[in-house]
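**Q** Numbering (the numbering used here), first residue to last: 5 to 682. Here's a structure for you.
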Amino acid sequence: MQRKFHYLILLLCVIFLTGCATRPDFTDDSSGIKWNISSTEEALVGDDPIEPFNRSMFAVNHFGMRWIVRPISWVYCSILPKEAILRINNISDNLAFPGRMISCLCQAKWEGAGIALGRFLINTTVGIVGIFDPADHFLGWKKRHENMGHAFASWGLGPGCVLVLPFSGATNVRDQVGFLFDSLLDLKMVIPYAGSVAGANRTISAYDPFNALVESAADPYEQFKLAMSLLRYPQINDFKFKATEADPDFEKKVNIPGKGSEIIRTAAIFKAQNPLVDTLRVNVFSMQRTDSKWWTNTSLWNRDFQNLGDVRAIKDPLEPEEAEPRYYQFWNEPQEEGGIKRKNELVIIIPGVGTHYTGKMLRAFAELYSNAGYAVVATTNTMNWSFATTKETAFPGYVPEDVKNIRRHLRLILDDLEKNKQFKPEKIMIAGYSLGALQTLHLAKMESENNTLGASRYIAINPPVDLIYAMEQFERLGNVTKKWTKKEYFQNLGHAIVNYLPVAMNNHPHQKEDGKTDTEIPMDYTYQTKINPEQAAGLISIAFRMLLRELMLSNARNGFLPPEYQYQWGRRRELYKKIDSLSGIDYVRIFIKSRYPELTMDQLRYNSGLRVLEKFLRESPDIVVFHNLDDPLISQADADFLSEVLGKKLYWFDHGAHLGNLYLKEYHRRLLNETGIK
């Protein structure tokens, strides 16, 4: 009876699948379309006509992961080391081979089907039921990313509509049906308790990547759906994409430095490609004390750097009582015998545009300073959705007003540390990068007139000189998609995902200043990315649009947007389409300008840049600036201004684009020297 019931479900699902799934047309030869997040997502994952249901189902999954799986994982992962959890997952994957093999057969991938069967036979015997993977280690037979959803896609079935269900990572009808087939083909179905044990182990081990994905998201459902669709697209295309040919000199410019500033030459080490491609090396700068060999992130024994910091919440008394607290993270590790001598000195880091206090690069900066003996505070940028939650902080982007909010926020942090952590530093340094660097220099000027924070040093890394000019570059870079046909756009998207995602997701060792690597790093280790400048332009534009999207969603949710930007919990597609049609310049003209009607656009631009600080920048002995000559967010006029005004307080790197060279040990040495360590 139970088997007949399963067959009935399968039959109904296939009817449902074939009835609503239409294969996306990626062969459209028309061009001139400027693709945005909404249009890309809809093409990849389909429409979302049952969005309220899907959001409810995701809320169930989110609640379960946060309040059930996480507490269990604290115990489970503190008993079983990471390697044991991995081996259980290996056994589970080995038993699930029929789904992969049949998927290959359904696609006429005869070699793939043979490899799937061969892997099972070898790993079950030599690999002791799949605990080990000798098929890969000795024969090079790697596990294939195949499942029945993949087979359905190869038959011409599109994703259908968005469909989210409990305990499933699929996000559309086709893949949900495929997931059901995979489950019924899994050998664990016939082994008592095997499915339950393997499912529990896999769910617990999935908590860390799930939390990393949604932890800082304004809309976790949307973040999850978008991420899964972008990961799924290369899989169902067998990771085979052909990039369009791009001009290697596209946007390739290097500013000429003025006299008086030091030029640090790292070309032989950095091996520059193109300023846009090199900007994406920003993700190479990552924490070194992470991904513990023995314990997962949720284990009580895990000593990864991000887990050593104290996450703290503060409330601003000037804001409404119902306002959410703001969070920051504080590191002040106790002195260990024979370890780094701790200083009673604090470095506060103001991150780049839209960065959450849990940002990967922000924590890499925090680790760098912590390893040098400093206590460190990591804050959230004013243009992150979680900072802009009140009328006073909504619609950030006008730097003088944003810096007033930062100043008040930092004062509350210092008071919290003194009162609740008994930490009162003898010396305070404030370091910022990108937009945070621009804000740091404005803060330095403000503090020079009335010192409320007690900071004695201000370090700015890659500050934009003209914020509006920088935003115009993001908009211009996004125009690259207009030259592509729909087919070319998705070919370039897939190629960029396949070649850049490993760089963005992995942790990378820092490169030593002499060009050599540490002994444990392979000598052929490369920090370059295999994408072309036009693809890089598209990715940079999308990243900026994502930050703007979350900021605007937060404003809509809090009722700060006009009525046409209506927010509904269960239906946000139309809102997202309206938001995604806005550029950064539209945001300034429509929303920031309306908050300051007494100012012209030229005044907004001037007041939010560095030229308004010219006299202070010339005279202040407390500031230092690090910049790259090929930063695409500054013009030659901006470079001339910095050189002429800052003189010896400015260090130029010959290459590095926008924050792309932060992984160099030479950069670290210079930075720490200027912070105070000699």
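Glycine included, C-beta positions come from ideal geometry on N, C-alpha and C.
Helix, strand or coil: which one does DSSP assign to Trp71?
**A** The answer is helix: DSSP assigns Trp71 an H, G or I state.
**Q** Under a three-way DSSP split, which group does Glu349 fall into?
**A** Here Glu349 sits in strand by DSSP.
**Q** Could you give the distance in angstroms between the alpha-carbon of Val357 and the alpha-carbon of Phe548?
**A** Near 8 Å, if we compare the C-alpha coordinates of Phe548 and Val357.
**Q** Quick one: Cα of Asn127 to Cα of Leu90, how far?
**A** So the two alpha carbons sit approximately 15 Å from each other.
**Q** For a quick check, are the C-beta atoms of Asp320 and Asp308 less than 8 Å apart?
**A** No; because the gap between Cβ atoms is not below 8 Å, this pair is not in contact.
**Q** Mapping DSSP to helix, strand and coil, what is Glu266?
**A** Strand.
**Q** Using 8 Å for Cβ pairs, my map puts Tyr361 next to Ile417. What's the rounded Cβ distance?
**A** That belief does not hold up - the Cβ atoms of Tyr361 and Ile417 are roughly 11 Å apart, past 8 Å.
**Q** CB Leu505 to CB Pro468, shorter than 8 Å?
**A** No, the Cβ-Cβ distance between Leu505 and Pro468 is not below 8 Å.
**Q** From Glu45 to Tyr211, what does the alpha carbon distance come to, in whole angstroms?
**A** If I take the Cα positions, the gap works out to 24 Å.
**Q** So, with DSSP's three-state summary, where would you put Asp179?
**A** Reduced to three states, the DSSP call for Asp179 is helix.
**Q** Relative to the C-alpha of Asn632, which candidate in Gly680, Met550, Ile465 has its C-alpha closest?
**A** Minimum Cα distance to Asn632 is reached at Ile465.
**Q** Here's the rule I'm using: 16 or more other beta-carbon atoms within 10 Å means buried, otherwise exposed. How should Asp528 be labelled?
**A** At Asp528, the pLDDT of 46 sits below 50, so the modelled position is not reliable and the matter cannot be decided from this model.
**Q** Note the first and the last residue of the continuous beta strand (DSSP E) segment covering Arg316.
**A** Segment 314-318, the beta strand (DSSP E) holding Arg316.
**Q** If you count every other CB in all the chains shown that lies within 10 Å of the CB of Gly134, and 16 or more means buried, which is it?
**A** Buried: at least 16 other Cβ atoms inside 10 Å.
**Q** Restricting to Cα atoms, I'd like to know which of Lys257, Glu678, Ala272, Val218 is closest to Ala661.
**A** Taking only the C-alpha atoms, the option nearest Ala661 is Lys257.
**Q** What residues in its chain sit with their C-beta under 7 Å from that of Trp78, if we drop five residues either side in the sequence?
**A** Counting only Cβ-Cβ distances below 7 Å, and skipping sequence neighbours, we find Thr302, Leu304.
**Q** Please report the Cβ distance between Ala500 and Leu543, rounded to the nearest whole angstrom; I am assuming they are in contact, meaning their Cβ atoms lie under 8 Å.
**A** The pair is a contact, with the Cβ atoms about 6 Å apart (cut-off 8 Å).
**Q** When the Cα of Asn336 is compared with those of Gly313, Met105, Leu565, Gly173, which residue comes out closest?
**A** Minimum Cα distance to Asn336 is reached at Gly313.
**Q** For Val258, which of helix, strand or coil comes out of DSSP?
**A** In the structure shown, Val258 sits in coil (DSSP, three-state: anything other than H, G, I, E or B).
**Q** Give every residue of the same chain whose Cβ lies closer than 7 Å to the Cβ of Pro53, excluding the five residues on either side of it in the sequence, and list them in chain order.
**A** Within the same chain, Pro53 has close Cβ partners Cys165.
**Q** Please classify Glu341: does DSSP put it in a helix, a strand, or coil?
**A** Caution applies to Glu341, whose pLDDT of 45 falls short of 50 and renders its modelled position unreliable; the model cannot decide the point.
**Q** Quick check on the DSSP output: the alpha helix (DSSP H) that includes Trp335 runs from which residue to which?
**A** From DSSP, Trp335 is part of no alpha helix (DSSP H) but of the beta strand (DSSP E) over 330-335.
**Q** Are the beta-carbon atoms of Tyr671 and Asn677 separated by less than 8 Å?
**A** The answer is no: Cβ separation not under 8 Å.
**Q** Taking a contact to mean a Cβ-Cβ separation below 8 Å, would you say Thr383 touches His413 in this structure?
**A** Contact flag set, yes.
**Q** Got a sec? Which residues, its chain only, sit under 6 Å from Leu497 by beta carbon, not counting five neighbours each side?
**A** Answer for Leu497: no residue qualifies.
**Q** Any contact of the region 584-599 with the region 233-252, i.e. 3+ C-beta pairs under 8 Å?
**A** The answer is no - the region 233-252 does not touch the region 584-599, with fewer than three Cβ pairs under 8 Å.
**Q** Spatial neighbours of Gly519 within its chain, please: CB distance less than 8 Å, with the 5 preceding and 5 following residues excluded, ordered by chain position.
**A** Because the pLDDT of Gly519 is 48, which lies under 50, any placement of that residue in the model is unreliable, and the number read from its coordinates should be weighed accordingly. Excluding residues within five positions, the ones whose Cβ falls inside 8 Å are Ala272, Ile273.
**Q** How is Gln572 classed by DSSP in three states: helix, strand or coil?
**A** Of the three classes helix, strand and coil, the one that applies to Gln572 here is coil, per DSSP.
**Q** Quick check: the Cα distance between Pro213 and Glu219, rounded to an integer number of angstroms?
**A** If you take the alpha carbons of Pro213 and Glu219, they lie about 10 Å apart.
**Q** Would you report the Cα separation of Gln310 and Thr489, rounded to the nearest angstrom?
**A** In a straight line, the C-alpha of Gln310 is about 43 Å away from that of Thr489.
**Q** Would you call the CB atoms of Leu663 and Thr283 closer than 8 Å?
**A** The answer is yes: Cβ separation under 8 Å.
**Q** In chain order, what residues of the same chain lie with their CB nearer than 8 Å to the CB of Ser121, ignoring the 5 residues before and after it?
**A** A quick correction: the sequence has Leu, not Ser, at residue 121. Result list for Leu121: Phe101, Met105, in chain order.
**Q** Measure from the alpha carbon of Asn409 to the alpha carbon of each residue in Tyr373, Met450, Glu422, then state which is nearest.
**A** Checked all of Tyr373, Met450, Glu422; the closest Cα to Asn409 is Met450.
**Q** Just how far apart, CA to CA, sit Tyr571 and Glu538?
**A** Their backbone Cα atoms lie some 35 Å apart in a straight line.
**Q** Tell me, please, whether the region 562-570 touches the region 368-379 by the rule of three or more beta-carbon pairs shorter than 8 Å.
**A** No contact exists between the region 562-570 and the region 368-379.
**Q** For Ser42 and Ser624, what's the separation of their Cα atoms in angstroms?
**A** Distance between the alpha carbons of Ser42 and Ser624: 46 Å.
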